[in-house]
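Beneath this line is the structure, given in structure tokens, with notes to follow.
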Amino acid sequence: MLIELEKRKEPSQTMLYLTPVIAVLATMIVGGILFTLIGHNGFAAVKEIFITPIIDTHKWQDLGIKAAPLILIAVGLSIGFRANVWNIGAEGQYIVGGLAGTGIALLTWELEGWWILPLMCIAGAIGGALYASIPAFLKTKLNVNEILSSLMLTYASIQLLYYLMRGPWKDPEGFNFPQTRLFNDSQILPEIIPGTIVHLGVPLAFIIAIIAWFVMSKSIFGFQIRVVGSAPAAARYGGFSAKRTIWMAMLIGGGFAGLAGIFEAAGPFQQMVPQFPTGYGFTAIIVAFLGRLHPIGIILGGLVLAVSYVGGEIAQTSLGLPNAAAGIFQAMMLFFLLATDILVKYRLKLNIANQAGDAS
Amino acid sequence: MTEKTDYRIELSAITKSFPGVLANDNVSFAIKPGEIHALLGENGAGKSTLVKMIYGIMQPDEGEIRWEGEAIKVANPKAARKLGVGMVFQHFSLFEAMTVLENIALGMDAKISQNLLEEKIREVMDVYGLKLDPHRIVSTLSVGERQRIEIVRALLLNPRLLIMDEPTSVLTPQEVAQLFETLRKLSATGCSILYISHKLHEIKELCDQATILRGGKVVGECDPKQETSKSMAEMMIGGDLKQIEKDVKTEFGDPRFVVDNLSQVGEGDFGVALSNISFSVRAGEIFGIAGVAGNGQNELLMALSGEVPTSNADTIKLDGKSVADQNILQRRKHGLCAVPEERNGHAAVVDFSLSDNAILTARERMNLASGGLIKHSEARSYTDNVISTFGVKTTGSASPAGSLSGGNLQKFVVGREIMQNPDVLLISQPTWGVDAGAAAAIHQAIVDLAENGSAIIVISQDLDELLAICDEMAVINEGKLSKTLKVGEASVDEIGLLMGGIHGDPNANQDSVENAHAH
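Take a look at the structure:
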């Protein structure tokens, strides 16, 4: 018996919006079973990871802190993904953006002024965009696959980070620890809710996502991105240059990732450390797809993944689950999302007729 | 072999449905040994689905296929070939970079040595008068020669039923004559032929019997030699054939679109280079460009429309302005609109709504965007306007382009460009795969636009179409354009010879010349 995928005539619109929800539910069920099978209390784990961060109001600030960089990076990536530009190296652009902003901070560490922080942010965005311009250049000039080049550049950026931390940027008063000096008060993102850790970068990420929504749905630029992604020949016919679109998509993706990087450095870290890369750039890929590449969906997707991060930390302390547990749940979510997506667009068909024919 | 019946193959009450469409509804007909049987119908009438079931690519939902009297199930193409069914597809499956022999060897079910295969190929070619060098690389062959590979491939299996799917759509008139000769020889040996086409004069010339399909149902059986083309056409489209209203014009305005020595290198390994193309089109004139597919038509359209600009600005002049170095957006602003051949993914984005598809090309001329922002309500009203003016059957401007039938989408695409009121309209294959009603509407719209003083260039493989609507025409072959011919004065033979080309395969060319003399 052969199982075939048959394209559905018109995929159900409701299902298209329901699949992320189904994927999350399936992750919870299968994850629960999986962790039970390997000897943990699986359903307690699911509860700690997915429910506790939501019902425990003390954890909301953590959700905001985690969701912000995910949303910011995912919105940038989604613009590229819509144009069929597969920037997988947001992690690297995030690191280089963080480093570029840190560079400004180190140059101005004896100075004070309102202008320093915006300058760091601009430097962060430019740093990320410049780092993304390498795969953009390779793609448009030499037709190098951007998936590979952007991914590999991530590892290069990590080495750059380690070099700077252990070498030129090491805090001279830091007892030889590989990290920079602490940023001064003009160099850190201010708290916006007193008494919490929620910094200015959090609302900015949400605002940027909403602006991106407006741009993608109302502007010729957003239209261009969608046409290039859906039908390159039609885009050329419509007068849109594929190369320029690749450039713009890469620069925006890199710029947003770089901005998220400096927000993270000037927010929670308040300095640059070798532990700076935490995988936000990769997790943001899941967020982008969970959010259907739509900025508003990405806000929701970012919150869901933030829940899994925060919940993973809770489960580590309360249940003694390994650190990798949250990662497993996140990966499962992407898997179920892609799988349910296939089933929305295609139906399974048992090809019995063929078998009967073969037998006769 | 026990002959229980007079028929080679009988189809009775075949029904096949796809989600949303009944492709074949209770279809029955039968073919005798040695008979050349036409399956006639418009695009979408269900011809291809039917033959795919005979060839085992699909299975019927209901009904029975009987092969020489015996009820059978054709599980897959391999089983069909085993029975003795051969098929030549409309689109060839050949590896361009391999030789004829290698291509045939790859398609064989049984593995035999290359030498033996070559011997067999030469034998088949001798018997049926097919000329082809087995060691030529496919990419160097003309379309007619490529089709011969597919025919040889089918004949090597000694078929008793050969299915030909729209075999002449890519051939020159001379190549068609050659093909018919081969098919007649084949039928004389007792092989049945199922000949699928929508070209009536060919069916009248070649076929003994015809089954006419419309909307998946058999609507008539006839002997084509006893019918007129008009009577068969009316059975096929189920209504009166509309005539295009076009006055014979002798007076035209000033030249609006002048191409002077346009040359361009081909893109990639198999792209066609354009060399020294020159022609000019006057206000009110329709200029046709005929030619066999793959001779540079796409490249020419993209060079003329501005999708691929050239550096030498003077090679294309639009109302006296040099525009060859401008991109498609700039040319559109100067009044040049274009409709490329491929609807899906080139002229239209299938998963976009019709109104988004209007934004694709009409945003500048129709003011559907300003300051980088889209004016969605203006786009919708322009789209509605196109839909109502051109009678596009759709649920509205929000429905995706992919939900429209081929003919309706083509009407929309043509309408979208014509309603921008272009000074010059470039249109490639305006009625490719479009039903007769939509084709007539599109032809009339083109003629009307010319009446209003626009200059129009129509690129088409359909010679009948060009002869019906054009004032002047030229033929493109291997990226070179022939001299301009006046439509009333050019003979089909002359055009056919130009389509075969002066630079083509010397053998094929010689044949064409001989054929032309024989007529």
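If you're matching them up, the sequences are chains C and F in order. Here our numbering is used: the first residue of the first sequence is 3, the next is one more, and so on. Here our numbering is used: the first residue of the second sequence is 136, the next is one more, and so on. Note that beta-carbon positions come from the ideal geometry of N, C-alpha and C, so glycine has one too. It should be emphasised that the depicted structure is a prediction, and the values quoted were computed from it without experimental measurement.
Interface residues of chain C facing residue i [CB-CB closer than 7 angstroms]
i	result
F315(F)	Here the premise fails: no neighbours, minimum Cβ distance about 35 angstroms.
P475(F)	Y239
E442(F)	R238, Y239
I592(F)	The contacting residues do not exist; I592(F) stays about 16 angstroms from chain C at best.
A504(F)	I222
Delimiting residues of the alpha helix (DSSP H) encompassing residue i
i	result
E310(F)	308-323
T150(F)	Run containing T150(F): none in the alpha helix (DSSP H); it sits in the beta strand (DSSP E), 144-153.
D395(F)	Unbroken run through D395(F) is the beta strand (DSSP E), 390-399; no alpha helix (DSSP H).
Q545(F)	541-553
C357(F)	No alpha helix (DSSP H) holds C357(F); the beta strand (DSSP E) holding it covers 352-357.
Best match in the options for proximity to residue i [C-alpha to C-alpha]
i	options	result
D382(F)	G374(F), E420(F), A459(F)	E420(F)
I591(F)	I581(F), A428(F), A240(F)	I581(F)
D599(F)	A533(F), L436(F), N543(F), A574(F)	A574(F)
V569(F)	G526(F), N178(F), Q313(F), E380(F)	N178(F)
H296(C)	F52(C), T21(C), I5(C), A76(C)	A76(C)
P212(F)	A533(F), F224(F), R257(F), G455(F)	F224(F)
D389(F)	A418(F), I412(F), N411(F), G350(F)	A418(F)
V458(F)	L601(F), V393(F), V474(F)	V393(F)
K546(F)	L560(F), E356(F), Q465(F), T524(F)	T524(F)
A286(C)	G241(C), I301(C), F278(C), T16(C)	I301(C)
E254(F)	L241(F), S364(F), D268(F), R391(F)	D268(F)
R283(F)	T184(F), T317(F), F414(F)	T317(F)
Exposed unless 16 or more other CB atoms sit within 10 angstroms - verdict on residue i
i	result
I288(C)	buried
E197(F)	exposed
V627(F)	exposed
A497(F)	buried
Y311(C)	buried
L175(F)	buried
N642(F)	Reliability of the predicted coordinates at N642(F) is poor, the pLDDT of 43 falling under 50, and no value is obtained from them.
P154(F)	exposed
V548(F)	buried
V400(F)	exposed
S151(C)	buried
V527(F)	buried
S446(F)	exposed
S440(F)	buried
L314(F)	buried
K615(F)	buried
S647(F)	At S647(F), the pLDDT of 41 sits below 50, so the modelled position is not reliable; the number obtained from the coordinates is stated separately. Per the 10 Å Cβ criterion, buried.
Y19(C)	exposed
R84(C)	buried
Y517(F)	buried
K61(C)	buried
Amino acids of chain F, ordered along the chain, whose beta-carbon sits closer than 9 angstroms to that of residue i
i	result
G304(C)	By Cβ distance, chain F contributes nothing, its closest Cβ being about 26 angstroms from G304(C), past 9 angstroms.
S232(C)	G480, V484, V485, D486, F487
9 angstroms Cβ cut-off: residues of chain C touching residue i
i	result
N462(F)	G241, S243
Per-residue contacts from residue i into chain F (C-beta, under 7 angstroms)
i	result
V229(C)	V484, L495
A327(C)	Result: empty, since nearest Cβ-Cβ is about 38 angstroms, beyond 7 angstroms.
Start-to-end residues for the beta strand (DSSP E) that takes in residue i
i	result
F164(F)	156-166
L296(F)	296-300
W88(C)	Note, W88(C): premise wrong, no beta strand (DSSP E); not H, not E.
Q344(F)	344-349
G423(F)	421-425
K208(F)	Here K208(F) belongs to no beta strand (DSSP E), and DSSP marks it neither H nor E.
E6(C)	4-9
M437(F)	Segment 432-440 is the alpha helix (DSSP H) holding M437(F); no beta strand (DSSP E) there.
M608(F)	607-612
Contact set between residue i and chain F, taken where Cβ atoms lie within less than 8 angstroms
i	result
A236(C)	G480, H481, A482, A483, V484, L495
F37(C)	Within 8 angstroms Cβ-Cβ: nothing; F37(C) doesn't reach chain F, min ~40 angstroms.
Neighbour list for residue i in chain C, Cβ cutoff strictly below 8 angstroms
i	result
L508(F)	K220, S221, I222
>> Check whether the segment 140-152 of chain F and the segment 316-330 of chain C are in contact - that is, three or more C-beta pairs closer than 8 angstroms.
In response: Here the segment 140-152 of chain F does not lie against the segment 316-330 of chain C, with fewer than 3 beta-carbon pairs under 8 angstroms apart.
> Between the segment 258-277 of chain C and the segment 188-205 of chain C, do at least 3 Cβ pairs fall closer than 8 angstroms?
Replying inline: yes
> Are there three or more Cβ pairs, one per stretch, closer than 8 angstroms when the segment 30-38 of chain C is compared with the segment 299-307 of chain C?
Replying inline: The answer is no - the segment 299-307 of chain C does not touch the segment 30-38 of chain C, with fewer than three Cβ pairs under 8 angstroms.
> Is the segment 91-100 of chain C touching the segment 130-147 of chain C in the sense that three or more CB pairs, one from each, lie closer than 8 angstroms?
Replying inline: yes
> For the segment 474-486 of chain F against the segment 534-544 of chain F, are there 3 or more C-beta pairs whose distance is under 8 angstroms?
Replying inline: Taking a cut-off of 8 angstroms for Cβ pairs, the segment 474-486 of chain F and the segment 534-544 of chain F touch, as three or more such pairs fall below it.
> Just checking, does the segment 465-480 of chain F make contact with the segment 501-516 of chain F on the three C-beta pairs under 8 angstroms criterion?
Replying inline: no
>> Does the segment 113-123 of chain C come into contact with the segment 226-243 of chain C, if we say contact requires no fewer than three beta-carbon pairs (one atom in each stretch) closer than 8 angstroms?
In response: no
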